[in-house]
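Under numbering that gives the first Met the number 0, the sequence shown is numbered contiguously, ending at residue 306. These notes are about the structure you will find just below.
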Amino acid sequence: MFYISNIVKAKTKNSKKQSKSIVRRVKHVVKLAVVPHKKNGFRPHLIRYYGIIAIVFVVFGLQFGYNGAKTGNVLGVESNISVSSLLNQTNVYRQENKVGYLTLNDKLNKAAYLKAQDMFAKQYWAHDSPDGVQPWKWLGDVGYNYDEAGENLAKNFSTTNGVMTAWIESPTHKANIIKSNYKDVGFAVVSGILDKKPATLVVALYASPASTTVVNAASGFSESTGMGQSNALTQFAVAAQSITPAVMWGLLILLFAVAVSVVTHSNRQKLSRTLRRSWYRHHGIYKAIGFMMLGLVIVYLYGGGQI
0 MFYISNIVKA KTKNSKKQSK SIVRRVKHVV KLAVVPHKKN GFRPHLIRYY
50 GIIAIVFVVF GLQFGYNGAK TGNVLGVESN ISVSSLLNQT NVYRQENKVG
100 YLTLNDKLNK AAYLKAQDMF AKQYWAHDSP DGVQPWKWLG DVGYNYDEAG
150 ENLAKNFSTT NGVMTAWIES PTHKANIIKS NYKDVGFAVV SGILDKKPAT
200 LVVALYASPA STTVVNAASG FSESTGMGQS NALTQFAVAA QSITPAVMWG
250 LLILLFAVAV SVVTHSNRQK LSRTLRRSWY RHHGIYKAIG FMMLGLVIVY
300 LYGGGQI
């Protein structure tokens with residue numbers, strides 16, 4: 000028993016030593032990768048050329064993998080927009096502007112769906128179709144008589160927040176959302192292929208029901224036009240509302256790389272004399288700027304949509 004006990008103790012000690020050895024190795028590797036110090040020449044491996052290549056592959060790999068898992072296409076756009084969330088956020092915004100709630104109308108929902116299907120069928124992205132069909136045509140098809148009506152469109156947003164932010168930032172789209180005369184609303188969120196690419200279209204139809212049985216359908220229709228965003232910061236805010244989990248993780252990785260670059264820049268005086276005399280003296284700040292620019296590109300490519 001004593002002999003067996005000694006064997007167990009010896010194995011336990013060896014196991015602990017191996018564990019400590021692994022931990023030391025991991026710490027050493029991590030330190031070389033992210034901390035500027037003498038052993039890596041004050042140039043962390045993470046922001047050397049091979050580290051930068053690895054970061055780019057990981058960040059874009061996250062986007063492609065996420066899109067592929069969610070849509071079956073690495074370039075696809077995953078959307079969690081729903082009719083209920085659009086209605087809820089629309090009415091919240093109307094309440095903030097002291098305007099009455101809109102009621103979800105089944106006929107308007109159907110009209111919005113027909114409009115989205117028409118855009119996919121005829122391959123266009125506009126209020127009026129290539130053959131001149133105007134939005135109010137769909138209201139007539141479903142038998143909805145109205146005094147006034149309006150349409151908002153959105154394409155390739157991944158969240159309701161993104162759609163609503165974009166519409167609110169556009170004066171013409173916002174006017175449709177908060178118009179006090181409107182009492183009913185219909186939404187459609189439809190996915191398909193547009194211009195040979197996967198797309199998710201959102202159609203919103205706002206209307207006030209007809210006060211008489213005879214209505215001039217064309218005269219009361221309001222089409223929203225253009226985003227009307229004033230600057231790049233506003234556009235970025237709209238895109239940021241639509242970021243997916245993959246985009247968020249990619250941005251966190253890039254933010255970490257920026258931090259490593261900034262710390263490296265603060266240690267630039269410790270570089271070798273040869274490097275201090277070259278452009279490499281400020282390589283940390285250059286790389287930090289590069290990572291930030293890549294982050295902006297990721298947000299614009301995978302976070303935004305069009306209206």
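All C-beta atoms in this analysis are idealised placements derived from N, C-alpha and C, irrespective of residue type, glycine included.
How many whole angstroms separate the CB atoms of leucine 45 and valine 33, which I take to be in contact at a CB cut-off of 8 Å? A Cβ-Cβ distance of about 5 Å is found for the pair leucine 45 and valine 33, placing them in contact under the 8 Å criterion.
In the structure shown, what three-state DSSP assignment does lysine 196 receive? Strand.
In angstroms, rounded to a whole number, what distance separates the CA positions of alanine 115 and serine 260? Rounded to whole angstroms, alanine 115 and serine 260 show a C-alpha spacing of 47 Å.
Taking the beta strand (DSSP E) that lysine 154 belongs to, which residues open and close that run? Here the beta strand (DSSP E) through lysine 154 covers 145 to 154.
Three or more C-beta pairs under 8 Å: does that hold for the region 168 to 182 against the region 95 to 115? Taking 8 Å as the limit for Cβ pairs, the verdict is that the region 95 to 115 does touch the region 168 to 182.
Less than 9 Å between the C-beta atoms of alanine 152 and tryptophan 124, yes or no? The displayed chain sequence assigns leucine, not alanine, to residue 152. In contact: leucine 152 and tryptophan 124 (Cβ atoms closer than 9 Å).
Between proline 128 and methionine 291, what straight-line distance do the alpha-carbon atoms span, to the nearest angstrom? The sequence given here places serine at residue 128; proline does not occur at that position. A straight-line Cα-Cα distance of about 40 Å links serine 128 and methionine 291.
To the nearest angstrom, how far is it from the Cα of histidine 282 to the Cα of lysine 195? Taking C-alpha positions only, histidine 282 is separated from lysine 195 by approximately 42 Å.
Buried or exposed (CB count within 10 angstroms, at least 16 for buried), leucine 251: Within a 10 Å sphere around the beta-carbon of leucine 251 sit fewer than 16 other beta-carbons, which makes this residue exposed.
Run through the DSSP bridge pairs and tell me what glycine 185 is partnered with. In the DSSP assignment, glycine 185 is bridged to Leu204.
Got a sec, what are the start and stop residues for the alpha helix (DSSP H) alanine 125 sits in? It is not in any alpha helix (DSSP H) - alanine 125 carries neither H nor E in the DSSP assignment.
Is alanine 120 closer than 9 Å to phenylalanine 186 when the C-beta atoms are compared? Against a cut-off of 9 Å, the Cβ pair of alanine 120 and phenylalanine 186 comes out as no contact.
Nearest-angstrom beta carbon gap, valine 246 and isoleucine 288 [assumed within contact, 8 Å]: Between valine 246 and isoleucine 288 the Cβ distance is about 20 Å, and since that is not below 8 Å, they are no contact.
Starting from asparagine 79, follow the alpha helix (DSSP H) in both directions and report where the run begins and ends. DSSP places asparagine 79 in no alpha helix (DSSP H); its state is neither H nor E.
One or two residues paired with glutamine 305 in a DSSP bridge: Residue pairing by DSSP puts glutamine 305 in a beta bridge opposite Lys154.
Cα-Cα separation between serine 18 and glutamine 305, rounded to whole angstroms: So the two alpha carbons sit approximately 53 Å from each other.
With a threshold of 16 other CB atoms inside 10 Å of the CB of valine 188, please say whether the residue is buried or exposed. Around the beta carbon of valine 188, 16 or more other beta carbons sit within 10 angstroms, so the residue counts as buried.
Mind reading off the beta-carbon distance from aspartate 183 to asparagine 90? Whole number of angstroms is fine, and I expect it under 8 Å. Actually they do not touch by this definition, with Cβ atoms about 12 Å apart.
Who does glycine 191 pair with in a DSSP beta bridge? Per DSSP, Ala198.
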